[in-house]
């Protein structure tokens, strides 16, 4: 009597798709933030982390994850567009007097923050993943020098067949990227909007999936708020540290002989 | 008290409609909002003009007929209060009050402030029957029902179907209404038998009538004169998901 395909045509089914793709992206964002914060542990740590993602992890797995995340973003946005268009159709006439009774700012601006975040994702991928933003082609040694630095493990350059293993200079790329005030500004605004998006999104996710009641509402709202702020601060602290001079270029890639590492050894 | 009224007038569903300004000079603070509109109607008729059309019936806050978006808020500024139970003492002397009908595509204006709420009836209708014995009243304790279950069902059954949730929702979503109706029937043993069929059918009718999705902003809960909580929507989402999963493996009849 009821076709299963109707699930993804129903408003609830579409919302559930948004919630589930949202959950995956929410978890990814936290992982991404923790990965980024390794820049504070030294150039060699963040470079080795990037090396692990790109070379230790099998290439099909890396591409599989990337594709999966892009599909999640795609489905999330597609469902948002379908629902928004239907929402507009359902309410073509506005009230002469518009009064918000209790809806939060975050809830009312999900579409605005979402659209700007989508634009940011495109820029961010072009900037640090594809590295093809005009004037910021970090794959070009003329733009970022040195482009490749030795891979360092346990304070020693990693050797393979007597040769030093080289890896992409992620530390210097991030420093170079964020020394541009405009770029840093855009990243700060985008992560701020991400915080706003998460404050409504994370608690809304539980409601859509049906995991919520009056007792849990304040707790979920608190979790969402904390999550949003942690993600914002974790991402924002890097451009701020670069602009304040706390993070700098390390052309050695963190090789201990030349690197001013704390005298732990 | 003196009042300036800015009221939506619309001759028919096809008429474009417009605001008209009226003035009432002697309104008692103790009169209800609808009594204040009755005064206006008398004044209009005395002037040979056409009276204002607005929905009302029991005037006790239980029938769900009265509607009216007052200063942008369905049922006006008082929490958990229907328009008929709203008193003029909550307004200031000399205040301008804007009165509009519910605005939602699925609930079109019939005349002035009266909207067609039959789509809400059709959602209930599609829920169908419950397998209960008809005829003489059943002995009250024949079916044991836990206190908590009874409370949930009662909270849901408090919905009077006025449509304020649809009116307040930026997406004209009928989720709170449908959720209350679904939860009311799905919680009780008498209604559990057709739970999945009912949930799928009512959501499908809701979407088909042109009500749109929930964005969890919670305006519906805030204006609901009966205090129906967003929990009901979470319950509906749960019931709907489980019904769809069951339907996938064994089609729900």
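Protein chains in written order, with the numbering used here: chain A, 317 to 581; chain B, 1493 to 1745. Beta carbons: idealized from backbone N, C-alpha and C, even for Gly.
Specify, as a first and last residue, the run of the beta strand (DSSP E) that residue i falls within.
{"i": "residue 1673 of chain B", "result": "Residue 1673 of chain B -> not in any beta strand (DSSP E); alpha helix (DSSP H) instead, spanning 1667–1679."}
{"i": "residue 455 of chain A", "result": "Where residue 455 of chain A is concerned, there is no enclosing beta strand (DSSP E), given that its DSSP letter is neither H nor E."}
{"i": "residue 1603 of chain B", "result": "1601–1603"}
{"i": "residue 466 of chain A", "result": "464–466"}
{"i": "residue 1496 of chain B", "result": "1495–1501"}
Leaving aside the five residues before and after residue i along the sequence, list all residues of the same chain whose C-beta is less than 7 Å from its C-beta, in chain order.
{"i": "residue 1744 of chain B", "result": "1688, 1689, 1692, 1735, 1738"}
{"i": "residue 1740 of chain B", "result": "none"}
{"i": "residue 1553 of chain B", "result": "1574, 1576, 1577, 1717"}
{"i": "residue 1645 of chain B", "result": "1676, 1679, 1680"}
{"i": "residue 514 of chain A", "result": "342, 540, 543, 544, 547"}
{"i": "residue 1752 of chain B", "result": "In the structure displayed, chain B extends from 1493 to 1745; residue 1752 of chain B sits before or after that span and is not available."}
{"i": "residue 1608 of chain B", "result": "1599, 1600, 1602"}
{"i": "residue 1502 of chain B", "result": "1509, 1601, 1603, 1604"}
{"i": "residue 1529 of chain B", "result": "1544, 1546"}
{"i": "residue 1721 of chain B", "result": "1713"}
{"i": "residue 581 of chain A", "result": "With a pLDDT of 46 at residue 581 of chain A, under the threshold of 50, the modelled position of this residue cannot be trusted; read the value that follows with caution. Within the same chain, residue 581 of chain A has close Cβ partners 471."}
{"i": "residue 1493 of chain B", "result": "1519, 1521, 1580, 1585"}
{"i": "residue 564 of chain A", "result": "491"}
When the Cα atoms are used, what is the spatial distance from residue i to residue j?
{"i": "residue 1543 of chain B", "j": "residue 1595 of chain B", "result": "21 Å"}
{"i": "residue 1680 of chain B", "j": "residue 1518 of chain B", "result": "50 Å"}
{"i": "residue 460 of chain A", "j": "residue 454 of chain A", "result": "5 Å"}
{"i": "residue 426 of chain A", "j": "residue 1728 of chain B", "result": "23 Å"}
{"i": "residue 1788 of chain B", "j": "residue 1516 of chain B", "result": "With chain B covering 1493 to 1745 only, the question about residue 1788 of chain B has no answer from this structure."}
{"i": "residue 389 of chain A", "j": "residue 334 of chain A", "result": "9 Å"}
{"i": "residue 395 of chain A", "j": "residue 1627 of chain B", "result": "48 Å"}
{"i": "residue 538 of chain A", "j": "residue 518 of chain A", "result": "10 Å"}
{"i": "residue 501 of chain A", "j": "residue 444 of chain A", "result": "16 Å"}
{"i": "residue 1733 of chain B", "j": "residue 1526 of chain B", "result": "42 Å"}
{"i": "residue 1590 of chain B", "j": "residue 1560 of chain B", "result": "10 Å"}
{"i": "residue 556 of chain A", "j": "residue 476 of chain A", "result": "37 Å"}
{"i": "residue 347 of chain A", "j": "residue 1705 of chain B", "result": "31 Å"}
{"i": "residue 384 of chain A", "j": "residue 337 of chain A", "result": "10 Å"}
{"i": "residue 325 of chain A", "j": "residue 1618 of chain B", "result": "18 Å"}
Quick one: list the residues of chain A neighbouring residue i, beta-carbon separation under 7 Å, in chain order.
{"i": "residue 1514 of chain B", "result": "None at all; the shortest Cβ gap to chain A is about 15 Å."}
{"i": "residue 1699 of chain B", "result": "326, 327"}
{"i": "residue 1692 of chain B", "result": "318"}
What does residue i reach in chain B if we use C-beta pairs closer than 7 Å?
{"i": "residue 397 of chain A", "result": "Ordered by position in chain B, no residue passes the 7 Å Cβ test against residue 397 of chain A, which lies about 12 Å from the chain."}
{"i": "residue 328 of chain A", "result": "1695, 1729, 1732"}
{"i": "residue 520 of chain A", "result": "1708"}
{"i": "residue 323 of chain A", "result": "1736"}
For residue i, which residues from the same chain have a beta carbon less than 8 Å from its beta carbon, with the 5 sequence-adjacent residues on both sides left out?
{"i": "residue 1615 of chain B", "result": "1666, 1669, 1670, 1673, 1694, 1697, 1698, 1701"}
{"i": "residue 1685 of chain B", "result": "1622, 1623"}
{"i": "residue 1625 of chain B", "result": "none"}
{"i": "residue 1523 of chain B", "result": "1531, 1579, 1580"}
{"i": "residue 354 of chain A", "result": "361, 362, 365"}
{"i": "residue 532 of chain A", "result": "522"}
{"i": "residue 497 of chain A", "result": "559"}
{"i": "residue 378 of chain A", "result": "369, 370"}
Could you give the first and the last residue of the continuous alpha helix (DSSP H) run that contains residue i?
{"i": "residue 486 of chain A", "result": "486–495"}
{"i": "residue 1613 of chain B", "result": "1610–1618"}
{"i": "residue 1511 of chain B", "result": "That residue, residue 1511 of chain B, is in no alpha helix (DSSP H); its beta strand (DSSP E) goes 1510–1516."}
{"i": "residue 1592 of chain B", "result": "Here residue 1592 of chain B belongs to no alpha helix (DSSP H); instead the beta strand (DSSP E) covers 1588–1592."}
{"i": "residue 1691 of chain B", "result": "1687–1700"}
{"i": "residue 392 of chain A", "result": "375–406"}
{"i": "residue 1713 of chain B", "result": "1711–1715"}
{"i": "residue 555 of chain A", "result": "532–560"}
{"i": "residue 587 of chain A", "result": "With chain A covering 317 to 581 only, the question about residue 587 of chain A has no answer from this structure."}
{"i": "residue 348 of chain A", "result": "327–353"}
{"i": "residue 362 of chain A", "result": "359–367"}
{"i": "residue 1450 of chain B", "result": "Here chain B has residues from 1493 to 1745 only, and residue 1450 of chain B is not among them."}
{"i": "residue 1734 of chain B", "result": "1723–1741"}
In chain E, what lies closer than 8 Å to residue i by C-beta?
{"i": "residue 407 of chain A", "result": "You won't find chain E in this structure, because its protein chains are A and B."}
Here's a check: name, in chain order, each residue in its chain whose Cβ is nearer than 6 Å to the Cβ of residue i, leaving out the five neighbours to either side.
{"i": "residue 432 of chain A", "result": "509"}
{"i": "residue 1719 of chain B", "result": "1572"}
{"i": "residue 329 of chain A", "result": "323"}
{"i": "residue 481 of chain A", "result": "467, 474"}
{"i": "residue 1549 of chain B", "result": "1555, 1557"}
Kindly list, in the order they appear in chain B, the residues whose Cβ is closer than 8 Å to that of residue i.
{"i": "residue 414 of chain A", "result": "1564"}
{"i": "residue 426 of chain A", "result": "1707"}
{"i": "residue 417 of chain A", "result": "1565, 1660, 1711, 1714, 1715"}
{"i": "residue 331 of chain A", "result": "1705, 1706, 1729"}
{"i": "residue 411 of chain A", "result": "1561, 1564, 1592, 1595"}
{"i": "residue 495 of chain A", "result": "Simply none; closest approach about 39 Å."}
{"i": "residue 423 of chain A", "result": "1707, 1708, 1709, 1710"}
Would you mind telling me which residues of chain A sit closer than 9 Å to residue i, beta carbon to beta carbon, in chain order?
{"i": "residue 1727 of chain B", "result": "526, 529"}
Going along chain A, which residues have a C-beta under 8 Å from residue i?
{"i": "residue 1511 of chain B", "result": "412"}
{"i": "residue 1721 of chain B", "result": "530"}
- Task: Could you name each continuous alpha helix (DSSP H) segment of 4 residues or more that falls completely within the segment 1620–1668 of chain B, going from the start of the chain to the end?
- Result: 1639–1649, 1656–1660
- Item | Whole runs of the alpha helix (DSSP H) within the segment 413–453 of chain A, excluding any shorter than 4 residues | 421–424, 426–440
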